[in-house]
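J.: Using the UniProt record's numbering, the letters of the sequence shown map in sequence onto residues 1 to 610. Glycine included, C-beta positions come from ideal geometry on N, C-alpha and C. Please see the structure below; I have some questions.
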Amino acid sequence: MCGIVGAAARREVAAILVEGLKRLEYRGYDSAGVAIINHQGEIGCHKRLGKVAVLDQAVTEQPLAGSLGIAHTRWATHGKPSEENAHPHLSNNEIALVHNGIIENHEQLREQLTAQGYVFVSQTDTETIVHLIHSIMKKGEDLFSAVKLAVEQLEGAFGLAVIHKNEPERIVCARSGSPLVLGLGIGENFLASDQLALRQVTDRFIYLEEGDFAVLSPDSYDIYDAQGEPVKRKLVQLTDKTKSADKGQYRHYMLKEIYEQPEVIKDTLRGRISKDKILEQAFGAQAKEIFDKTKAVQIIACGTSYHSGMVAKYLIEGIAGVPCRVEVASEFRYRKFVVQDDTLIVTISQSGETADTLAALRLAKTLGYAATMTICNVAQSSLVRESDLALMTEAGPEVGVASTKAFTTQLVALVLLTIALGKRNGLSAEKEAEMVSSLHQLPQILSEVLTLDQSIEKMSEAFADKHNALFLGRGVQWPVAMEGALKLKEISYIHAESYPAGELKHGPLALVDSEMPIVAVAPNDELLEKLKSNLEEVQARGGELFVFADNNSGFSSGDGITVIKLAPVPELIAPIVYTIPLQLLSYHVAVLKGTDVDQPRNLAKSVTVE
Ligand code: AGP
Numbered sequence: 001m002c003g004i005v006g007a008a009a010r011r012e013v014a015a016i017l018v019e020g021l022k023r024l025e026y027r028g029y030d031s032a033g034v035a036i037i038n039h040q041g042e043i044g045c046h047k048r049l050g051k052v053a054v055l056d057q058a059v060t061e062q063p064l065a066g067s068l069g070i071a072h073t074r075w076a077t078h079g080k081p082s083e084e085n086a087h088p089h090l091s092n093n094e095i096a097l098v099h100n101g102i103i104e105n106h107e108q109l110r111e112q113l114t115a116q117g118y119v120f121v122s123q124t125d126t127e128t129i130v131h132l133i134h135s136i137m138k139k140g141e142d143l144f145s146a147v148k149l150a151v152e153q154l155e156g157a158f159g160l161a162v163i164h165k166n167e168p169e170r171i172v173c174a175r176s177g178s179p180l181v182l183g184l185g186i187g188e189n190f191l192a193s194d195q196l197a198l199r200q201v202t203d204r205f206i207y208l209e210e211g212d213f214a215v216l217s218p219d220s221y222d223i224y225d226a227q228g229e230p231v232k233r234k235l236v237q238l239t240d241k242t243k244s245a246d247k248g249q250y251r252h253y254m255l256k257e258i259y260e261q262p263e264v265i266k267d268t269l270r271g272r273i274s275k276d277k278i279l280e281q282a283f284g285a286q287a288k289e290i291f292d293k294t295k296a297v298q299i300i301a302c303g304t305s306y307h308s309g310m311v312a313k314y315l316i317e318g319i320a321g322v323p324c325r326v327e328v329a330s331e332f333r334y335r336k337f338v339v340q341d342d343t344l345i346v347t348i349s350q351s352g353e354t355a356d357t358l359a360a361l362r363l364a365k366t367l368g369y370a371a372t373m374t375i376c377n378v379a380q381s382s383l384v385r386e387s388d389l390a391l392m393t394e395a396g397p398e399v400g401v402a403s404t405k406a407f408t409t410q411l412v413a414l415v416l417l418t419i420a421l422g423k424r425n426g427l428s429a430e431k432e433a434e435m436v437s438s439l440h441q442l443p444q445i446l447s448e449v450l451t452l453d454q455s456i457e458k459m460s461e462a463f464a465d466k467h468n469a470l471f472l473g474r475g476v477q478w479p480v481a482m483e484g485a486l487k488l489k490e491i492s493y494i495h496a497e498s499y500p501a502g503e504l505k506h507g508p509l510a511l512v513d514s515e516m517p518i519v520a521v522a523p524n525d526e527l528l529e530k531l532k533s534n535l536e537e538v539q540a541r542g543g544e545l546f547v548f549a550d551n552n553s554g555f556s557s558g559d560g561i562t563v564i565k566l567a568p569v570p571e572l573i574a575p576i577v578y579t580i581p582l583q584l585l586s587y588h589v590a591v592l593k594g595t596d597v598d599q600p601r602n603l604a605k606s607v608t609v610e
């Protein structure tokens, strides 16, 4: 969470920093700030509560001159969102610092520094770092050495950038547990939590590794490892095939990203399937060897990515015949479990930087799992760099906090993995060809489902004044219902739960009345008749049903039931297809309720703290 930008240039940097923050706002958006060393060698700083637009306004009204500075957009962890708690934090108006992450020993450091006479103006853990650096510099160290010595005393996770008014041509930054990337220009250099922030100024990037420090000036950059030894890190030149992160004609990023799904699924399939086979070399050079010895799969992920893992469990066990466990990363990393022989760890993540998933991967690597694979949307992310295999989803930048196209492209990648494992476990060439043919049909089918948008918008009116909703599915459609409930709650703030429909009579049926809309996904699969019986139980108790059903399922709209029909689709891709109407439903409910669709309250796109 939180986004950091820094610039060391020979031109004014305020506009560059603020534009960078706007592009990072997906990481947190409760307050923002910028600090710049002006031409008189003083630190000028503005902080504002609210979104980056408020800070932008402040910088327009009271410009901050100077060619070296740092900036930050915050997602509160320690201390409520407020101007005092916003970054940059300053020590004696000499040092300014921005930080992403959590300092676990901040209370102890605060006590020590208070005893030395430092006065704290915020409740943040971050303020301890800036005073700590100041206290070390008082003993005669320069900024770089002081940052290094301070970092040795920090417990927790951080990506940080620091400037000192007496060193007006240098930014010092450090990374441990939170991502940082350097952006290289001509006569100017930058840093940020994500390259997206800097695409306006450069296409050349260096991703810092765990424990790295860097010192940036307009004309140079030096990188040091955790021991302080100079190191070289790979330079990555990004081409502009990276999809645009603009809203285009759409009112919200989320809607744009929903509509992009046919295209990005095509991109995810490109080069990975032939007419009738998967192209296994696309999984990476080691893939054959790893898949050959895989006897079980352990999936680890959070949120929406966890839901795609839940879908995968049905596919990997049901089609590939390989045992598959799925666990939320924040649970996996803190419990004792039995490691089955020859188990492949699969992490799933849009960002590749989710703190719990990353920590779980690192833990798993110490526990004797056979190999690690990630299904991820960001090529330069920590999960990709730290896994044996990476299967990239080609969703392009996903800006809306509510994940949409990342989810469906993850499902496509997981179908490919299912086929790869299944082929080693008796999946026939005919079955593979049939499955690959379903994948070829998928983009066109999704385009057709998107034409239901207006009917779904109409349906959404029934939800706008409700406080609760129930989402039901059976079998592989249960995780689809879970994802539908997550979408509704995160962007419309309506409390939504999902259940496998067969569980209703074991408790949740007690909730059903006319105030509880019930959404069900009903493709024409082997569980359809069971689902119908469950839905009849709901109707008998006065519950109002909203069903997305296969044309041939026998459902029709009537008293207490609204049905939106979908053309029959191959069973393999039904979870992907039935996700789309649920995304559209949540979107339209949120628009009706007037919430901030792309940046819902209390959330951040990339959860890089525990
Ligand atoms: C879903 O809409 C959320 N944005 C959230 O649940 C997200 O999926 C989760 O935080 C995991 O993120 P990741 O895929 O980047 O690891």
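Cutting at 6 Å between CB atoms, please list the residues of its own chain near N377, excluding the five before and the five after it.
T.: Around N377: Q350, T393, A395, A406.
J.: Considering only residues of the same chain and omitting the five flanking positions on each side of S492, which have a CB-CB separation below 7 Å?
T.: Counting only Cβ-Cβ distances below 7 Å, and skipping sequence neighbours, we find S586, V589, A590, K593, T595.
J.: For the alpha helix (DSSP H) containing P443, name the first residue and the last one.
T.: Looking at the DSSP string, the run of the alpha helix (DSSP H) that includes P443 is 429–450.
J.: Looking only at its own chain, which residues have a Cβ that is under 6 Å from the Cβ of G473, when we skip the five neighbours before and after it?
T.: Closer than 6 Å at Cβ, skipping near neighbours: V480, A481, V521.
J.: Going by beta carbon distance, what residues of the same chain come within less than 7 Å of V563, once the five residues before and after it are set aside?
T.: Correct list, in chain order: V547, A549, F555, S556, S557.
J.: Given 8 Å as the limit, is there contact between the stretch 105–118 and the stretch 24–33, that is, 3 or more CB pairs closer than that?
T.: Cβ pair count under 8 Å is below three, so no.
J.: Nearest to P218 by CA position, among G177, L235, S437, E169, is which residue?
T.: Comparing Cα positions, the closest option is E169.
J.: Okay, do the stretch 181–190 and the stretch 138–153 touch, 3+ Cβ pairs below 8 Å being the bar?
T.: No: fewer than three Cβ pairs fall under 8 Å.
J.: Specify, as a first and last residue, the run of the alpha helix (DSSP H) that M482 falls within.
T.: Counting along the chain, the alpha helix (DSSP H) containing M482 begins and ends at 477–492.
J.: Is it the case that the stretch 268–282 contacts the stretch 431–441, given that we only count it when at least three CB pairs across the two stretches are under 8 Å?
T.: Verdict: yes, contact present.
J.: What is the rounded straight-line gap between the Cα of Q286 and the Cα of Q380?
T.: One C-alpha to the other measures close to 19 Å.
J.: Compare the Cα-Cα distances from I133 to each of T124, S122, K489, L113 and report the closest residue.
T.: It is L113 whose Cα lies nearest to the Cα of I133.
J.: Does the beta-carbon of N100 have 16 or more other beta-carbons within 10 angstroms, so that it is buried, or is it exposed?
T.: The residue in question, N100, is buried, as its Cβ has 16 or more Cβ neighbours within 10 Å.
J.: The beta strand (DSSP E) that contains Y221, what's its start and end?
T.: Y221 -> beta strand (DSSP E) spans 221–224.
J.: Is residue 612 helix, strand or coil when you go by DSSP?
T.: What the structure shows of the chain is the stretch from 1 to 610, and residue 612 is not part of that stretch, so it cannot be assessed.
J.: At what residues does the beta strand (DSSP E) containing D550 begin and finish?
T.: First-last of the beta strand (DSSP E) with D550: 544–550.
J.: Tell me the DSSP secondary structure of H506 in three-state form.
T.: Note: H506 maps to helix in three-state DSSP.
J.: Assign E353 to one of two classes, buried (16 or more other C-beta atoms within 10 Å of its C-beta) or exposed (fewer than that).
T.: Per the 10 Å Cβ criterion, buried.
J.: DSSP state of P575, grouped into three classes?
T.: In the structure shown, P575 sits in a helix (DSSP, three-state: H, G or I).
J.: Nearest to K51 by alpha carbon, out of S31, E537, L411, A540?
T.: If we check each option's Cα against that of K51, S31 comes out closest.
J.: Can you give me the start and stop residues for the beta strand (DSSP E) that R362 sits inside?
T.: From DSSP, R362 is part of no beta strand (DSSP E) but of the alpha helix (DSSP H) over 355–365.
J.: Tell me whether N534 is buried or exposed, calling it buried when 16 or more other Cβ atoms sit within 10 Å of its Cβ.
T.: N534 should be labelled buried.
J.: Which residues are close to ligand 1, meaning CB closer than 5 Å to any heavy atom, in chain order?
T.: Listed along the chain, these residues meet the criterion: C302, G303, T304, S305, S349, Q350, S351, T354, A402, S403, V607.
J.: Tell me where the alpha helix (DSSP H) around P179 begins and ends.
T.: No alpha helix (DSSP H) contains P179, which DSSP labels as neither H nor E.
J.: Under the rule that 16 or more other beta-carbon atoms within 10 Å means buried, what is A510, buried or exposed?
T.: So A510 ends up on the exposed side.
J.: Compute the Euclidean distance between the alpha carbons of D559 and L191, then round it to the nearest angstrom.
T.: Distance between the alpha carbons of D559 and L191: 59 Å.
J.: If you draw a straight line from the alpha carbon of L180 to that of T239, how long is it in whole angstroms?
T.: Looking at the two C-alpha atoms, the distance is approximately 20 Å.
J.: State the beta-bridge partners of E497 as determined by DSSP.
T.: In DSSP, E497 forms a bridge with L470.
J.: Sort E398, I345, L427, G44 by Cα distance to L389 and report the nearest one.
T.: When only C-alpha atoms are compared, the closest one is I345.
J.: Are the Cβ atoms of G33 and A86 separated by less than 8 Å?
T.: The answer is yes: Cβ separation under 8 Å.
J.: Is it buried or exposed, G475, if we count other Cβ atoms within 10 angstroms and call 16 or more buried?
T.: With 16 or more other Cβ atoms within 10 Å, it is buried.
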